[in-house]
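Residue numbers (the numbering used here): 3 to 65.
Idealized CB from N, CA, C, for every residue including glycine.
Being a predicted model, the structure only gives us computed values, none of them experimental.
Have a look at the structure below before the remarks.
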């Protein structure tokens, strides 16, 4: 894996693990127009999908 791909994985992990939950905590669930439970179920799926896409990209690229 190249240095660029390694840093991309680190950035996406940081975003998914730190930035997205912190954003939800600071902004609050009501700002998305969803209920509390819906927000905490739906919004973390965005970084999860990005993390999955980066994982597939690095696996295919590393072949």
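Asked, Found
"Are three or more beta carbon pairs between the stretch 3-14 and the stretch 29-46 nearer than 8 angstroms?", "no"
"Out of curiosity, what's the CA-to-CA distance linking residue 31 and residue 57?", "28 angstroms"
"Which ranges does the alpha helix (DSSP H) cover as unbroken runs of at least 4 residues, wholly within the stretch 11-58, from first to last along the chain?", "22-29 and 38-44"
"Which residues in the same chain have their Cβ closer than 7 angstroms to the Cβ of residue 19, if we skip the five residues on either side of it in sequence?", "none"
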